[in-house]
Amino acid sequence: MLSIKNLKANIEDKEILKGLNLEINPGEVHAIMGPNGSGKSTLASVLAGREEYNVTDGEVIFKGENILEMAPEDRARKGIFLAFQYPIEIPGVSNANFMKTAVNEVRKSKGLAPLDSKEFLKLMREKMQLVQVDKTMTQRSVNEGFSGGEKKRNEIFQMAMLEPELGVLDETDSGLDIDALRIVADGVNALRDGKRSFIVITHYQRLLDYIVPDFVHVLYKGRIVKSGTKELALELEEKGYDWIKEEVEI
Amino acid sequence: MNTLTETISETEQHISFGNIASEKLTPERKLAIDTFNRSGFPSLKDEEWKYLDLSVLKNTPFNHQAPACTKLSLSDIEKYKVAGADAITLVFINGVYCPELSSQNRDSGFSIESVESELASRWLGKLAKADEPFIALNTAFHHGGLLIHINAEQEVKQTIHLLHFNDSRHEAVAAYPRNLVVAEKNSKVQLIATYHSLNNFTSLTNSVTEFFVGENAFVEYDVKQDENEKALQINYVYAQQKRDSVFDISTVTIGGKMVRNNLNIALTETGGTAHLNGLTVGGKNQTVDNHTLVDHASPHCESFQLYKNILDDNAHGIFNGKIFVRQDAQKTNAFQSSKNVLLSDDAVMNAKPQLEIYADDVKCSHGATTGQLDEEALFYFRSRGIGKKDALALLNYAFAGDVIEKINNDALKADLLKLLAQKLNTEIEFEI
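These protein sequences, in sequence, are chains A and B. Residue numbers for the first sequence, in this note's numbering: 1 to 250. Residue numbers for the second sequence, in this note's numbering: 251 to 682.
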């Protein structure tokens, strides 16, 4: 489904990703861990098409197409969803209106008729339950005045609404207490259907107790330096990243 | 015979004036002409006019006495009404009230009569003084405007819609709407003014509206300026507020080549509240200038100003807002905010907030921000599958929408939101 080959990316002439390779098959959950500054969020941003990042080499093939030349909206329509680490507040646009617009734009790109208000409300009510989003949250402006937990829940709610084929969760666990973490993880797990794939970027092993990955990769200095199964995450939690750094430096 | 033509054309050669019979030349009009003759048009050297280029206005030969009411039919004006509004429509063509085009059945809570009537003379020109050049011109040339008089203790249930046309289809017309609204004690009224142009030629609308808001009266006045790319407007709105009164005004400017709005609010007695809201969505070759002055002359009054501009292409926005708090006006709350977005490198915004405070126990603030569109918000929208153009429109719509949200008239609000979506050039279905 997703094949990243030798991906190199800069921001302001500083190389962050230095030849990253990753293969993801349908239905798989890949956790990407790594120390601060290793390039985790850069990977998420490059996949979503953030324009400040300049890809200098490599390719990202998603469903048979190189997406690197695509606009962010086209990537989203094709089925890539980024759950932001810091979701932005947008006064004046209600969550519901925002989602209705997004859902219908995605549908339009697939040649589907837009949902009318009734159909949309039905879909929204269904997805709201997944992450315990209540009606007031959908009526409020996008993320405006939301707590950290509400913002992250809103990201997962949006993912549920848009039904992507690949969800990229960029440190979705940061700033969450244990209850909020559980709600978010339950929401993600409910979206695991054997076909949808996830990249779960996290600094901590804790999230992976709830969203159990098929593979764990360690990103360090812009490359994946170690891959394994969920046990690798436990090892990292216990020993920290220093032993990996030492392995790499040798 | 001393005609206006001869008098004013001495100072402004490019303007041709029609003839007014000498018996119509009241002392007030003669004085206004003398005043204008001494001052001439404002220039860029004048502090209050320094950002506004008036050369088109000065160089166009306008007919100042164009015939009016006969040129439109009832069906012509239908589409300019606010859909769904329970409104009494008063139609003005080239500044002249046209009873045959206006609503016949009226709410009993108010009366109308000529602004030149004996009754109207108690108020006319008491706030709008002819020492301003454009007020002088209006005072010299206006005819056929209305006094709208709301009786004490009356709530006018229907909205009063002042529907203004400048008809410059056959020649360049300068129209001088002159209206007067008097809301007596404990009355309540909601008015809308919309400005439309019918032109092949350059048009000028130079309007003066004076509001006298009585004790504990409530007046809302919402203005929609939707003229076309040949239309020039210079407007003056004055309001004088008595004890515990409320005056709310929202000015939404979508169309027009050059629009200058002057808003002067005087809080003359204790407990008055004024809200001043403005939204400009400007594009190619448009200049929109909002000048406000709120005069806190008494204690315990409040004023709130929110002005927003969205400027694209080479649009030019100007906001000059002055809050004046006199020595006696203790416990004043006065707030002002000017927020502006420039969508192109060629768009220009001049924002100039001014506070003059002579009382010591007051809460006042002002702020002006001008920026580009929020790239981070744009990316967020695009990452959800919303295309750049629609994302931009949705963000601008949200930015502008909160000004329109302040309007209490639901029909007008819906009308303006629709107009806004059109101006922002999007087909996205919006709800707020």
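Ideal placement from N, C-alpha and C gives every residue a C-beta, glycine not left out. Quick caveat: nothing in here was measured; it's all calculated off a predicted structure.
Taking a C-beta distance under 9 Å as the contact criterion, A489(B) and N514(B) qualify as a contact pair. If you look at N527(B), you'll find it in the beta strand (DSSP E) that goes 523–532. Rounded to the nearest angstrom, the Cβ distance from I224(A) to V218(A) is 7 Å, consistent with a contact under 8 Å. Ranking K300(B), V458(B), R419(B), V346(B) by CA distance to the CA of K376(B) puts V458(B) first. Counting only runs of 3+ residues, the beta strand (DSSP E) found wholly inside the stretch 365–451 of chain B occupies 396–400, 409–418, 428–433, 438–449, in chain order. The continuous alpha helix (DSSP H) containing G651(B) extends over residues 638–654. At a cut-off of 9 Å between C-beta atoms, A48(A) counts as an interface residue with respect to chain B.
Interface annotation, S174(A): not in contact with chain B, CB-CB separation never under 9 Å. The DSSP-derived three-state label of M508(B) is strand. Of the residues D193(A), M128(A), V216(A), the one whose Cα lies closest to the Cα of I199(A) is V216(A). In the same chain as D57(A), and ignoring 5 residues on each side of it, the C-beta atoms closer than 8 Å to its own belong to N6, L7, K8, G19, in chain order. Contacts with chain A at 9 Å (Cβ-Cβ) do not include G528(B). Distance from the CA of I11(A) to the CA of L17(A), rounded to the nearest whole angstrom, comes to 10 Å. If you compare the alpha carbons of G506(B), F461(B), Y426(B) with that of H446(B), the shortest gap goes to G506(B). In this structure, the beta-carbon distance from N570(B) to A597(B) does not fall below 9 Å. Y608(B) counts as exposed, since fewer than 16 other beta carbons sit within 10 angstroms of its beta carbon. At a cut-off of 9 Å between beta-carbon atoms, F215(A) makes no contact with chain B. Not a single C-beta of chain A is nearer than 9 Å to the C-beta of D660(B). By the rule that beta-carbons nearer than 9 Å mark a contact, R493(B) does not touch chain A.
In the structure shown, S3(A) falls within a strand segment according to DSSP collapsed to helix, strand and coil. Taking CB atoms only, G167(A) has no neighbour in chain B less than 9 Å away. The beta carbon of I61(A) lies closer than 6 Å to those of S3 in the same chain, with the five residues before and after it left out. Counting C-beta pairs closer than 8 Å gives fewer than three between the stretch 104–124 of chain A and the stretch 183–190 of chain A, which falls short of the contact rule.
One thing to note: S495(B) has its Cβ no nearer than 9 Å to the Cβ of V538(B).
I88(A) reaches chain B at E626, A627, Y630, counting residues in chain order whose Cβ is nearer than 7 Å. The three-state secondary structure of M99(A), taken from DSSP, is helix. Neighbours of T138(A) in chain B, taken as residues whose beta carbon is under 9 Å from its own, are absent, since the nearest beta carbon is some 12 Å off. With respect to L176(A), M33(A) sits apart: the two C-beta atoms are not nearer than 9 Å. Shown here, Y330(B) sits in coil according to DSSP, grouped into three states, outside any helix or strand. For A370(B), the closest of A390(B), N429(B), I573(B), V332(B) by C-alpha to C-alpha distance is N429(B).
Secondary structure of I515(B) (DSSP, three-state): strand. For T138(A), the three-state secondary structure derived from DSSP is helix. Under the three-pair Cβ rule at 8 Å, the stretch 615–624 of chain B does not count as touching the stretch 62–70 of chain A. Distances from the alpha-carbon of H420(B) to those of T452(B), V439(B), E434(B), K407(B) put T452(B) closest. The shortest C-alpha to C-alpha distance from L397(B) to any of S353(B), P383(B), E460(B) is the one to E460(B). In the DSSP assignment, I32(A) falls within the unbroken beta strand (DSSP E) covering 29–33.
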